[in-house]
Amino acid sequence: MKRNLLLKSLAFALIFSFSFSTGLFSDDKKAVDTKPAEGKVLMMATTTSTDNTGLLDYLKPYFEKETGIEWRWVAVGTGKALQMGQNCDVDVLLVHDPEAEAKFMKGGFGKNRTQIMYNDFVIVGPESDPANVKGKNVKKAMKAIMDSKAVFTSRGDKSGTHMLEQRLWKDAAKSVPEKETWYMSTGQGMIDTIKIAAEKNGYTITDRGTFIKYEASLKGKKGLVILVEGDKKLFNQYSAIEVNPKKCNKAKNDLAKIYIKWLKSKKTQKLIADFKLEGKQLFTPNAK
Numbered sequence: 001m002k003r004n005l006l007l008k009s010l011a012f013a014l015i016f017s018f019s020f021s022t023g024l025f026s027d028d029k030k031a032v033d034t035k036p037a038e039g040k041v042l043m044m045a046t047t048t049s050t051d052n053t054g055l056l057d058y059l060k061p062y063f064e065k066e067t068g069i070e071w072r073w074v075a076v077g078t079g080k081a082l083q084m085g086q087n088c089d090v091d092v093l094l095v096h097d098p099e100a101e102a103k104f105m106k107g108g109f110g111k112n113r114t115q116i117m118y119n120d121f122v123i124v125g126p127e128s129d130p131a132n133v134k135g136k137n138v139k140k141a142m143k144a145i146m147d148s149k150a151v152f153t154s155r156g157d158k159s160g161t162h163m164l165e166q167r168l169w170k171d172a173a174k175s176v177p178e179k180e181t182w183y184m185s186t187g188q189g190m191i192d193t194i195k196i197a198a199e200k201n202g203y204t205i206t207d208r209g210t211f212i213k214y215e216a217s218l219k220g221k222k223g224l225v226i227l228v229e230g231d232k233k234l235f236n237q238y239s240a241i242e243v244n245p246k247k248c249n250k251a252k253n254d255l256a257k258i259y260i261k262w263l264k265s266k267k268t269q270k271l272i273a274d275f276k277l278e279g280k281q282l283f284t285p286n287a288k
């Protein structure tokens, strides 16, 4: 009897240890997948907007059915995603910071950067618009927020959105107002940063797709609204990058190639175009 109990305990411990070691965690500490891998597994690091909007969950069953490859991902800011690629933690990236991506490619860490889709950034704030930014171009809007000392929430996490925001501040005011009391660095993802701005009756910059998701979560209640949009500086390109196997010899480059080819296909591009929330298109495909 004691021998049987001991064997059962050891078996349980081994199963628990294996399950935990194969688990992956997103930036909000929630488990993405803890099932043991069966067959080929593609690992991706991506920006939070592709995950928060539900796009990846929507595409996942199509990809896995057509290719037989299990697709797992970790959703973080673009800066951290690129770092994961550089550290050889993943096989492929789906990110949205062209300047940081160019440095990544120049360093030899990535190959075959491919445009997949785009949306745009918007400046959102309270409907009352205390800084009077509605209808202004981006440069004038950022200057108006600064002059009025209205609360502005920044992700502060080196994400693609955060890096764009920093460039816009430098364009409007020569420097980022990080030491000002009205400027709040949240260190959080996009949805949480929008919510904090709403609580503070302040402003923030977000990609349109995540803002549509935020709007849907309000279920008719009042929240932040889009005040500045349409400026060419707010264009938001998403691209896929293979992690270079010459830098990371364990990177599954064969699977990364299949994945990017699948993303570029006419069928998948149509799936991306058809992905909508409350009748609103979140991303526009533009693979070449």
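Here my numbering is used: the first residue of the sequence shown is 1, the next is one more, and so on. For glycine and all other residues, C-beta sits at the position ideal for the given N, C-alpha and C. Computed from a predicted structure; not experimentally measured.
| Check | Outcome |
| --- | --- |
| In the structure shown, what three-state DSSP assignment does residue 63 receive? | helix |
| Can you tell me which residues form a DSSP beta bridge with residue 144? | None; residue 144 has no bridge partner. |
| Within the same chain, show all residues whose beta-carbon is closer than 7 Å to that of residue 286, passing over the 5 residues directly before and after it, in chain order. | 115, 117, 118 |
| Look at the Cβ atom of residue 47, then the Cβ atom of residue 102, and state whether they are nearer than 9 Å. | no |
| Is residue 97 buried or exposed, if buried means 16 or more other CB atoms sit within 10 Å of its CB? | buried |
| Could you tell me whether the segment 130-147 touches the segment 170-177, using the rule of 3 or more Cβ pairs below 8 Å? | yes |
| Is the distance from the Cβ of residue 123 to the Cβ of residue 205 below 9 Å? | yes |
| Let's test the definition: count the other Cβ atoms within 10 Å of the Cβ of residue 34 and tell me whether it reaches 16, buried, or not, exposed. | Confidence at residue 34 is low in this model, with a pLDDT of 32, below 50, so the placement of that residue is unreliable and no value is reported for it. |
| Do residue 78 and residue 209 have their C-beta atoms within less than 9 Å of each other? | no |
| Please classify residue 281: does DSSP put it in a helix, a strand, or coil? | strand |
| Sorted by chain position, which residues of the same chain lie with C-beta nearer than 6 Å to residue 166's C-beta, five sequence neighbours on each side aside? | 176 |
| What residues match up with residue 236 in a beta bridge as DSSP calls it? | 119 |
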